[in-house]
Amino acid sequence: MSSWTSGYVSEVAYTAGFYRELTPAMLELAALGKSTLTTQATQPLAVCELGCGRGVSTNVLAAANPHSQFYATDFNPAHIVEARALANAAGSKNVHFFDSSFAEFLDEPSLPQFDIISLHGILSWISEENRRTIVAFIAKHLKTGGLAYVSYNSLPGWASAAPLRRLMMEFGSLHAEGAFTKLGKSLDMLGKLKEANARYFQASPGVAERLEKFKTQNKNYLIHEFMNEDWHPFYHKDVAREFSEAKLNFLCSAHLLDHVDALNMTEAQRNFLNEIEDAGLRETTRDYIVNQQFRRDIFIKGGVPLGLFTARERWQETRFALSINRADAPTKVTGGLGEAAMQTEVYGPFLDALASGPKTLKTMQAIPAIAELGWARSIQALLVLVGSGHVQPCLDDKNDGKRRESTRRFNRAVMENARHSTDIQALASPITGGGIGVDRFEQLFLLARLNKHADAPAFVWQILSTLGQRLLRDGVPIETPEQNLEELRTRHATFLEKRLPVFEQLGLT
Ligand SMILES: C[S@@+](CC[C@H](N)C(=O)[O-])C[C@H]1O[C@@H](n2cnc3c(N)ncnc32)[C@H](O)[C@@H]1O
C-alpha cells in the first residue's frame, strides 16, 4: 500500500460519472422544496467538491455555470490529470483541480469561502480521522448560509449485506495480486460459500440477489465500493451529529422523490413518524420505514425559512425543461412504497407545456389545466417530475447565450473524446446549468452534425471501423460492415426523431 492512500484503492481509476445532485440549481430546488433561504445559482457562486474522482461532475458544472468558480480535489493524481485534461480541452477557466488529500486541502491557501461544498460517494469509504478533517474543512470554508451535500451508505438498509462486504475484503486480502484479481477471487469464494448453502444467505433476504448482481456491475465501481480498507454504513443521526460540529443542520434529501411522502410511506407510517419530535431521530426512523441503504443529505449552515410569499415567488420564477421525449414519458414512478401511477391529468399538462420548450412555473400556471391543479398539487407534480429525472430546473433565460459559449467548447471536447471512449456519458446544458445524459453514439451523431457531415451514420462507422469496433445487437457483435452501418442508420433515425429535439431545447446542439 502506498503511504498517501490511507488504505483507499489508488491503482484502479473510478468510473467517470456525472451526479446530478451536485448541480447548484438542483440543490437549491431541494432547499426551496423546504421553503428555506439559500444561495441562488444564477448568481456567481464558489463551489467545492471533495473527492471528485475523475472530475466529470465538476467539469460539467463549471462549463454549465461559467459565472461561478469551481474547486475540486482528489488525492489520486491520475484522476486529477484526467480532470485537468478535460478542463484544458474545453478551455474552462473557472475550474481549479487539486491532487491534495483532504488534510492538505484543509490548509490550501488559495481557497475562497464556498457557497456549496459537496462530497458524493466519500463519507462511507474513509477513516474516522478523514471524516473529522472534512467536518473541519466545512467549518472553515463554508459560508454562513451555505449548503453541504453528502451522500453515504446508510443503515438499516445495509445491515443484512454488510457481512458480505466484510468477507469480500478478507478473501481479497489473501491475494497479493492487483485489485481486479482480488475482486474476482473474493467473488468466486462468496459464490462457493453460497453454493455450500451457508445459512447466512437463507437468513438474509436480498443478499444472494445482491451477490448475483455484482457479476454484471462495473468492476472499477465494485473495487472502489467494497475493496477499500474503510467501509462504514451510517445511521443518519450519527452523521448529523458529526456535521453539527461545523454548525450544520440537516435540511433535506437531495433526492426529490424523498420529499413526496405519499410515494414512500403509508398514512399509518406517516402518522407514526410525526409523533417523533427529535428531527434526527425522526429522519433515522424514516430510514427504517423505507429500509434506506443510500442517503443523499443536504445540510445548511444557518437555515432560515423563506416567507410564504417569497417561496411562492421563487417557485414561480423557476424555469423548468423537459429532458426526455414527451411521447416516451413514463406513466409510473417508483418510491419507497413501490410503483405508483402518474395520473395523466396531473402530469400530462406539465409534460405538454414543457414539450414545446423550457418554461417558468408562472408561465405554466396560465394554462387552465395547470391552474386547476392548485398550488400544492402543482409543486408536488414538479418535485416528482424533477425527482424522476424527466424534468430539470433551469437557470435564468437572460444568460443562456453567455453560458452557451462555454458549454459549446466543453461539449465539443467530450464529443471528440467519444471517438475512442465511452467513459463520459453527459454533456453540459447552458439552459439547466447541469449535465444531461448523452451516450457515446448520440455524442458522435451530434459531432457529425457539428462537423456538417451529410451522412452521420457513415461518419460514426468510419470512427468505429478504424478502431476495429463493432456494434452490439442484443449483446452480440454485428458481423459485416453493411450490417453495422444499417444498425447505425436505425439508431440515427431514432436519434433524429426522439433525442435531437430534446437536445436542441436543452442547448446541446
Ligand atoms: C468512490 S470515489 C467517488 C468519486 C466521485 N465523487 C464520484 O462520485 O464519482 C471516492 C474518491 O475519493 C478519493 N479519496 C479518498 N480518500 C481521499 C482523501 N483522503 N483525500 C482526497 N481524496 C480522497 C478517491 O481517490 C476517489 O476518487
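Numbering (this note's numbering), first residue to last: 5 to 513.
Backbone N, C-alpha and C fix where the C-beta goes; we use that ideal spot for every residue, glycine too.
Secondary structure at Q320: helix, using DSSP grouped into helix, strand and coil. Bounds of the beta strand (DSSP E) holding L255 are 253–257. Closest by C-alpha distance to C52, out of F141, L159, K305, D401, is F141. Relative to E174, the option among E287, A93, G188 whose CA is nearest is G188.
Between S61 and the set F22, N92, I84, Y75, the nearest pair of CA atoms involves F22.
Under a 10 Å Cβ-count criterion, P209 is classified as exposed, with fewer than 16 other Cβ atoms of the shown protein chains found around its own Cβ.
Selection G125, L90, R136, N98 evaluated against L110 yields R136 as nearest (Cα-Cα). Around the C-beta of P362, 16 or more other C-beta atoms lie within 10 Å, and the residue is accordingly described as buried. Using a cutoff of 7 Å, the CB of C56 counts as near ligand 1, since one of the ligand's heavy atoms is closer than that. Two segments are said to touch when three or more pairs of C-beta atoms, one from each, lie closer than 8 Å; by this definition the region 365–373 touches the region 337–354. For L492 and Q466, the gap between their C-alpha atoms comes out near 11 Å. Ranked by how close their Cα comes to the Cα of F106, the residues L123, A93, S96, V99 have L123 in first place. Cβ atoms of L159 and F238 come within 8 Å of each other, at about 7 Å. V337 places its beta carbon 8 Å or farther from that of L450. In this chain, the beta strand (DSSP E) harbouring I120 covers 118–123. Rounded to whole angstroms, the gap between the alpha carbons of S190 and G306 is 46 Å.
Per DSSP, H240 is one residue of the alpha helix (DSSP H) stretching across 240–248.
Judged by DSSP secondary structure, N157 falls within the beta strand (DSSP E) whose first and last residues are 146–157. Membership of F175 in any beta strand (DSSP E) is not indicated; the residue belongs instead to the alpha helix (DSSP H) covering 166–176.
Taking K251 as the centre and dropping the five residues before and after it, the same chain places the C-beta of K305 closer than 6 Å to its C-beta, in chain order. Excluding residues up to 5 positions away in sequence, L54, G55 lie with their Cβ nearer than 7 Å to the Cβ of I126 in the same chain.
A heavy atom of ligand 1 is found nearer than 7 Å to the CB of H228. Fully enclosed beta strand (DSSP E) runs of no fewer than 3 residues occupy 73–77, 99–102, 118–123 of the region 61–139, in order along the chain. Inside the region 256–283, DSSP marks whole alpha helix (DSSP H) runs of 4 or more residues at positions 265–268, 271–278, from first to last along the chain. When secondary structure is reduced to three states using DSSP, D234 falls in the coil class, being assigned neither helix nor strand.
Leaving aside the five residues that flank I227 on each side, the residues in its chain whose CB is nearer than 6 Å to its CB run, in chain order, V13, V16, A183, L187. Shortest Cα-Cα distance from A422 to any of L310, L471, F101 involves L471. Shortest gap from the CB of F79 to any heavy atom of ligand 1: under 7 Å.
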